Amino acid sequence: MRDLKVDNIKIKDWIRMGQIVAVIPAAGQGRRMKSKLNKQYLSLLNKPVLAHTIAAFQDSDLITEIIVVTRGDELDYCKEEVVQKYNFNKVSKVVIGGATRQESVYNGLQAVDSAEYALIHDGARPLLTADTLRKVINQVKEYQAAGVAVPVKDTIKRIDDEGFVKKTPDRNELWAIQTPQAFNYALVLKAYKEAMADGFKGTDSSMLVERLGERVKLAKGSYENLKVTTPEDLVIAEAILKRRT
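In C-alpha cells:
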C-alpha cells in the first residue's frame, strides 16, 4: 500500500487503528489429560474444546480477526474439523506452533498482518464470557497492557528444597492469572522478540511485557474461566456449560 496520508494520518495506519486480533495457541500436548487426542480437540458437549474457545471471539463484535496456532500434525484437522466445520470465518490463518507455548504465541503474533491490539487466549479455556472479553479490551485500550485474574482462594506456601515452609505470602496480594491477556500489538511483539533473542522463558505473555519495564493492568476475571488440563476439568467445564444453557 502506498504511504498516503489523510489529515496527517497514514492510510495504512488508519486502517489498522482499532483492529483487535485474537491469537489462540492450541499446540500443547496435554499430557495430564491422559488422552491420545490433544485436549483442545476433546469433546465438550458434542463440540471440540477449541470450537467453544473460538466461538467466544467469533461471536464478539470487538474482535476483527482470529489466528489459531496448532501442531503441525494437526494443522489439517484443525482447519477441517474446527474452523471449516463450524464456519469460523473470522479465522484468517491457522499456523504451526513451536516446541513451547512461548514459541507458539510468537509464531501467531508474527502471522498478524495488521492490528492495533493483540489478544492472546489459551485454546483450552472454552468458558470465556462476553463480559470478561469486553472487560479486558476496555482495559487494554486505556493501559496498553491488560489481563484478567482471580484472587487465590487457598493460602500459598513457599517451600525449600526439602519441603519445609520458607514463607507464607499475604494471600490478599496473590492473584491467579488467566487469559485473555491483551496488549498494544507493537509492544507485545517487541516483548516476544526480545525474550526469544535473550533466551528468556516466561510462563505467560504478561511476564514478557513486564520484563520490558511496562505495567500490566489486571481486572478481576471469573473462576469459571478455567483451563481444561485434567479429566476433572472437562467434567467441571461440561457442568458449567449445561448450567449456562
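Residue 1222 is where the sequence shown starts when you use my numbering, and the numbers rise one by one after that.
C-beta atoms are modelled at their ideal positions from N, C-alpha and C, and glycine is treated no differently.
Being a predicted model, the structure only gives us computed values, none of them experimental.
Per the C-alpha coordinates, the member of S1281, K1268, A1320 and I1287 positioned closest to G1293 is A1320. Under the DSSP definition of a beta bridge, K1306 lacks any partner.
The beta carbons of E1337 and G1239 sit closer together than 8 angstroms.
Here P1246 is not near G1368, since their CB atoms are 8 angstroms or more apart. In the structure shown, the three-state DSSP call for S1325 is helix.
Between E1415 and A1366, the C-beta gap is not smaller than 8 angstroms, which leaves the two residues out of contact. Every unbroken stretch of the alpha helix (DSSP H) spanning 4 or more residues and falling wholly within the stretch 1321 to 1406 is given here in chain order: 1322 to 1331 and 1351 to 1364. Taking a C-beta distance under 8 angstroms as the contact criterion, L1265 and L1462 qualify as a contact pair. Distance from the CA atom of V1315 to the CA atom of T1450, rounded to whole angstroms, is 22 angstroms. In chain order, A1412 place their CB closer than 6 angstroms to the CB of L1433, counting only its own chain and leaving out the 5 sequence neighbours on each side. In this structure, the beta-carbon distance from V1312 to I1275 falls below 8 angstroms.
Among the bridge pairs identified by DSSP, S1264 is matched with P1269. Going by beta carbons, G1442 and Q1399 fall inside the 8 angstroms limit. As the crow flies, the alpha-carbon of T1389 is around 38 angstroms from that of H1273. One alpha carbon belongs to I1380, the other to L1439, and they sit about 27 angstroms apart. D1391 has its alpha-carbon roughly 20 angstroms from the corresponding atom of G1384. If you look at I1288, you'll find it in the beta strand (DSSP E) that goes E1286 to T1291.
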